Amino acid sequence: MPPGAHRIAAARGLDLDHLRPVVGEELTGERAGDEAPQLEHPDAGERTTHAQIVCNRARRSPGSRLGHGYPRRVTTPSPRASATTAYQQIRTAIIEGRYEPGARLVEQRIAEEFDLSRTPVREALRTLDAEGLVQLEPHRGATVRAFEAEDVVDLYALRARLEGYAAELAAERHTTEDLAVIDGGIAAFGEALAAGTSGTGDPLERTRALDAANAEIHLGIAAAARHRHLQQMLLRTVDATLVFRSFRGFSAEQSRQSHEFHRLIRGAIAAREPARAGALMVEHILQGRDALLAGLRADEQG
């Protein structure tokens, strides 16, 4: 124990005779950068850290301030945490359609919008470029990637393969909790569909709600497959197709067909029928591709 420690402790209402370092270290109060040792009270039988002692003392001493006599630690977000935040915010804005395909992504504006510095925004844009949601070009900067009909064909062919396999695995490996997640997405899809049928609400919000519920269903099935690498691949593929605003060009009947497919796929997964679940999923994805292509052609014609 450091010289004078008992005298200081007595003045501050501490009894150090009942405390001892767990691993034989002495507590100096000046362990810059080291983890504070844990202390053990022999009577209470519980472990107490140095930080907890300081907090307890502050509560016992009226007028005392936490950290008095100790360096105050100021925590700031790490560069990695800021980059992750920027990535999540920009990605969400793209997926939800707030940043439209072809729109320029100006670092300074995005930094101001999300209260970040430009460095994490720049890093996030590089990550999104690697994932295919953003396009970085010399002397032009970043733009939201604008997909064409050929991209739709290629991405949906990939989705059909990957999600068909995911549905097969989900039928073999799912848990009750997995089914609950899928059911939640199906219920949300049905609610958005009903709102659209009744003619209430903003059509754009309805489209966003359908897209969000659809993603919840498909990513829930991917999670139920218990295949980490497959799930990561599907996350990127589903995100890319969401940029098309998948249900924007769907008729009410096409949306109802998608809803029915979701319920059939869920039933096959719950019944642990891998072949049926996979076949239904492939048919569902290709139906969505055809509807989306028809919508894109209609947009081009007028």
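Start counting the sequence shown at 246; every next residue gets the next number (our numbering).
Virtual Cβ for every residue (Gly too), placed ideally from N, Cα, C.
Just so it is clear, the structure is predicted and the values come from calculations on it, not from any experiment.
Among the residues of its own chain, which have a CB less than 6 Å from the CB of residue i, if the five just before and after it don't count?
{"i": "residue 376", "result": "481"}
{"i": "residue 467", "result": "411, 476, 479"}
{"i": "residue 349", "result": "388"}
{"i": "residue 355", "result": "366"}
Look up residue i in the DSSP assignment and say whether it is helix, strand or coil.
{"i": "residue 531", "result": "helix"}
{"i": "residue 420", "result": "coil"}
{"i": "residue 483", "result": "helix"}
{"i": "residue 349", "result": "strand"}
{"i": "residue 382", "result": "strand"}
{"i": "residue 447", "result": "coil"}
{"i": "residue 211", "result": "What the structure shows of the chain is the stretch from 246 to 547, and residue 211 is not part of that stretch, so it cannot be assessed."}
{"i": "residue 495", "result": "coil"}
{"i": "residue 342", "result": "coil"}
{"i": "residue 542", "result": "helix"}
{"i": "residue 327", "result": "helix"}
{"i": "residue 516", "result": "coil"}
{"i": "residue 471", "result": "coil"}
{"i": "residue 500", "result": "helix"}
{"i": "residue 537", "result": "helix"}
{"i": "residue 370", "result": "helix"}
{"i": "residue 361", "result": "coil"}
If you draw a straight line from the alpha carbon of residue i to that of residue j, how long is it in whole angstroms?
{"i": "residue 417", "j": "residue 499", "result": "29 Å"}
{"i": "residue 381", "j": "residue 389", "result": "9 Å"}
{"i": "residue 523", "j": "residue 332", "result": "32 Å"}
{"i": "residue 330", "j": "residue 435", "result": "31 Å"}
{"i": "residue 517", "j": "residue 360", "result": "48 Å"}
{"i": "residue 470", "j": "residue 419", "result": "7 Å"}
{"i": "residue 342", "j": "residue 453", "result": "8 Å"}
{"i": "residue 520", "j": "residue 428", "result": "21 Å"}
{"i": "residue 546", "j": "residue 540", "result": "10 Å"}
{"i": "residue 507", "j": "residue 407", "result": "16 Å"}
{"i": "residue 352", "j": "residue 515", "result": "46 Å"}
{"i": "residue 358", "j": "residue 422", "result": "37 Å"}
{"i": "residue 369", "j": "residue 335", "result": "8 Å"}
{"i": "residue 338", "j": "residue 512", "result": "33 Å"}
{"i": "residue 384", "j": "residue 460", "result": "35 Å"}
{"i": "residue 227", "j": "residue 363", "result": "Nothing can be reported for residue 227, as the shown portion of the chain is limited to 246 through 547."}
{"i": "residue 394", "j": "residue 378", "result": "16 Å"}
{"i": "residue 426", "j": "residue 485", "result": "22 Å"}
{"i": "residue 345", "j": "residue 474", "result": "29 Å"}
{"i": "residue 457", "j": "residue 371", "result": "25 Å"}
{"i": "residue 399", "j": "residue 409", "result": "15 Å"}
{"i": "residue 340", "j": "residue 505", "result": "24 Å"}
{"i": "residue 433", "j": "residue 327", "result": "32 Å"}
Enumerate in chain order the residues of its own chain whose CB-to-CB distance from residue i is below 8 Å, with the five nearest sequence positions on each side excluded.
{"i": "residue 472", "result": "411, 414"}
{"i": "residue 510", "result": "412, 466, 522, 525, 526, 529"}
{"i": "residue 347", "result": "388, 389, 391"}
{"i": "residue 374", "result": "380, 381, 387"}
{"i": "residue 501", "result": "438"}
{"i": "residue 449", "result": "342"}
Can you check DSSP and say which residues form a bridge with residue i?
{"i": "residue 356", "result": "None; residue 356 has no bridge partner."}
{"i": "residue 393", "result": "Answer is none; residue 393 lacks a bridge partner."}
{"i": "residue 388", "result": "349, 380"}
Looking only at its chain, what residues have a beta carbon closer than 7 Å to the beta carbon of residue i, apart from the 5 residues adjacent to it on each side?
{"i": "residue 405", "result": "527, 530, 531"}
{"i": "residue 275", "result": "Confidence is the limiting factor: at residue 275 the pLDDT is only 43, short of 50, which leaves the residue's position unreliable, though a coordinate-based value still follows. Around residue 275: no qualifying Cβ."}
{"i": "residue 431", "result": "462, 507, 508, 511"}
{"i": "residue 403", "result": "482"}
{"i": "residue 535", "result": "none"}
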